[in-house]
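Asker: Shown below is the structure under consideration.
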Amino acid sequence: PGCSVLLHSCCRRCGAGASEGMRVMQDLAALGVVVYPVYNAGKRGARSFDTFASSSFCSNGAEWCFGFLLGLCLAWLADAWRAYAQLPQQVPELPPLHRRVIAALRIAAG
Numbered sequence: 012p013g014c015s016v017l018l019h020s021c022c023r024r025c026g027a028g029a030s031e032g033m034r035v036m037q038d039l040a041a042l043g044v045v046v047y048p049v050y051n052a053g054k055r056g057a058r059s060f061d062t063f064a065s066s067s068f069c070s071n072g073a074e075w076c077f078g079f080l081l082g083l084c085l086a087w088l089a090d091a092w093r094a095y096a097q098l099p100q101q102v103p104e105l106p107p108l109h110r111r112v113i114a115a116l117r118i119a120a121g
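FYI, in the working numbering the residues of the sequence shown are 12 to 121.
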């Protein structure tokens, strides 16, 4: 998605015939974003395997990975919360605090 937004904002004047070319550019950009870090990690790991775990490259990679996983989990949580908010209230006789607790438990349970 980030590559799509960037490429489309940079190439607004491209004609309708350029849509296939834009898709190819997006795929190549996405491939570069994935392939180079994997290549670089392999190269650094092979050359300096004894100090790789303490390197800034490993630290930055672990931080990016944790952020990515956290984003995935929060996306599921936000989607479940939105879906629950669209449902009619099933327990209107309970106090608001109890309803919130039940809603949080249902979302946490999936």
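The C-beta atom is built at its ideal place from N, Cα and C for all residues, glycine as well.
1. For residue 113 versus residue 92, is the C-beta distance shorter than 7 Å?
2. Where does residue 59 sit, in a helix, a strand or coil, going by DSSP?
3. If you draw a straight line from the alpha carbon of residue 30 to that of residue 36, how long is it in whole angstroms?
4. Just the Cα atoms here: how many angstroms apart are residue 105 and residue 94?
5. Please state the DSSP three-state secondary structure of residue 31.
6. In this structure, does DSSP put residue 106 in helix, strand or coil?
7. For residue 98, does the three-state DSSP call read helix, strand or coil?
8. Can you tell me whether DSSP reads residue 65 as helix, strand or coil?
Answerer: According to the structure data:
1. Numbered from its first residue, the sequence shown carries residue 113 at position 102. Numbered from its first residue, the sequence shown carries residue 92 at position 81. Not in contact: residue 113 and residue 92 (Cβ atoms no closer than 7 Å).
2. As a first step, residue 59 is located in the sequence shown; it is residue number 48 there, counting from the start. In the structure shown, residue 59 sits in coil (DSSP, three-state: anything other than H, G, I, E or B).
3. Taking the sequence shown and counting its residues from 1, one reaches residue 30 at position 19. Taking the sequence shown and counting its residues from 1, one reaches residue 36 at position 25. Across the structure, residue 30 and residue 36 are spaced so that their CA atoms are roughly 10 Å apart.
4. Within the sequence shown, numbered from 1, the residue matching residue 105 stands at position 94. Within the sequence shown, numbered from 1, the residue matching residue 94 stands at position 83. The alpha-carbon of residue 105 is positioned some 20 Å away from that of residue 94.
5. Here residue 31 corresponds to residue number 20 of the sequence shown, with the count starting at 1. Helix.
6. As a first step, residue 106 is located in the sequence shown; it is residue number 95 there, counting from the start. Note: residue 106 maps to coil in three-state DSSP.
7. Taking the sequence shown and counting its residues from 1, the one referred to as residue 98 is at position 87. DSSP places residue 98 in the coil class of the three-state scheme, outside both helix and strand.
8. Reading the sequence shown from its first residue, position 54 is the one you call residue 65. Residue 65: helix per DSSP, three-state reduction.
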